[in-house]
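These notes are about the structure you will find just below.
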Amino acid sequence: MENRYAVGPEQTKQFTTEQLRNEFLMESLFVSGEINMVYSHYDRVVVGGAIPTGSTLKLDAGDFLRTDYFLERREIGIVNIGPKGTVNVDGEVYELNKRDCLYIGLGKKEVTFESEDTSNPARFYFVSALAHKEYPTRVLPIAEAEPTKLGSDAESNNRTIYKYIHSEGIQSCQLMMGMTLLEPNNMWNTMPAHIHDRRMEVYLYFDMEEESRVFHFMGQPHETRHLVVKNEQAILSPPWSIHSGVGTNNYTFIWAMAGENYTFKDMDFVKMEDLK
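Count the sequence shown with our numbering and you get residues 951 to 1226, in order.
Written as structure tokens, this is what we have:
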């Protein structure tokens, strides 16, 4: 488990590109045969990736969380971004095809990951947040998730949003999670930009070609920065920061949020003329 402390906007203004990447970019979540995790002090989220290639991989933070088991005080959302796999939750097995989501609530003691075909393994991405109440474990296949169409080809942001974990979908304490798919020849997401100072967000960019890149924009609206992101890399987005991106090709990304408000209505939109 890698530990990352929160930094503020004034400190971030002084960062070099390397410092910016070290604080906010997660470059190596997905490693064959391993679970890799990052603990962020922004709303205490844990971000991770698991690729089971041999033996079963167990969700275990060792002594980092100082709890008896990972979900003792937490909830978690898991999305499979690869071939078919299974997640075993206290003896109950849940199958996940590509882009299916699984929510596991507070108090489940044992969570393990397996691939149906270890030579072509599943790729599990997960985000965990603190929880105060147990909600039922639930699978939501992407085929059953309600799609929302936004944007247009003229704006280069024709996209479909699938909401998995939210107030009208899978219930949770504070974790919100979903996925956005951009249509071919569309590259922009979330522009005009916005901030939500009451909750942080995590972006995972995937389904990208090896040579493709996303230029992820962050920072305060009047003091923006950018990070160059490859396939299957993730970004920690602080509550004070915009979070928007443009790719060299179309791409898919998973967004997850945790914090004060359990709503999509607390966003503060930024006028294009105010971005600098």
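Idealized CB from N, CA, C, for every residue including glycine.
Is the CB-CB distance between residue i and residue j below 8 Å?
i	j	result
Tyr-989	Val-981	no
Gly-1055	Glu-1084	yes
Glu-1151	Trp-1205	yes
Asn-1107	Met-1141	yes
Thr-1110	Pro-1097	yes
Val-1077	Leu-1125	yes
Ser-1162	Asn-1181	yes
Met-1168	Ser-1187	yes
Quick check: the Cα distance between residue i and residue j, rounded to an integer number of angstroms?
i	j	result
Gly-1027	Ala-1104	34 Å
Asp-1040	Lys-1058	7 Å
Ile-1120	Phe-965	38 Å
His-1166	Val-1178	6 Å
Arg-1073	Tyr-1112	19 Å
Phe-1014	Arg-954	13 Å
Met-951	Ala-1208	19 Å
Thr-1017	Arg-1023	8 Å
Tyr-1075	Gln-969	25 Å
Phe-1212	Lys-1226	The sequence shown places Tyr at residue 1212, not Phe. Each residue's alpha carbon lies about 29 Å from the other.
Gly-1035	Trp-1138	31 Å
Give the secondary structure of residue i by DSSP, where H, G and I count as helix, E and B as strand, and everything else as coil.
i	result
Gln-964	coil
Ile-1031	coil
Asp-1067	coil
Pro-1097	strand
Gln-969	helix
Asp-1157	coil
Phe-974	helix
Glu-913	Given that the chain is displayed from residue 951 to residue 1226, the structure contains no residue 913 and the question cannot be resolved.
Met-1141	coil
Ile-1092	helix
Asp-1216	coil
Met-951	coil
Glu-1223	helix
Phe-1014	coil
Phe-980	coil
Output needed for residue i: all residues of its chain with C-beta closer than 6 Å, excluding positions within five of it in sequence on either side, in chain order.
i	result
Arg-1049	Ile-1092
Asn-1070	Pro-1033
Leu-1007	Ile-985, Ala-1000 and Phe-1063
Gly-1101	Asn-1107, Asn-1108 and Arg-1109
Keeping to the same chain, check which residues put their C-beta closer than 7 Å to that of residue i; ignore five residues upstream and five downstream.
i	result
Asp-1067	Pro-1033
Arg-1149	Asp-993, Pro-1189, Met-1207, Ala-1208, Gly-1209, Glu-1210 and Asn-1211
Problem set entry | the segment 1035-1052 in contact with the segment 1189-1200 per 3-pair CB rule at 8 Å | no
For this session: Specify whether the segment 954-964 and the segment 1161-1181 touch according to this definition: at least 3 beta carbon pairs, one from each stretch, less than 8 Å apart.
Result: yes
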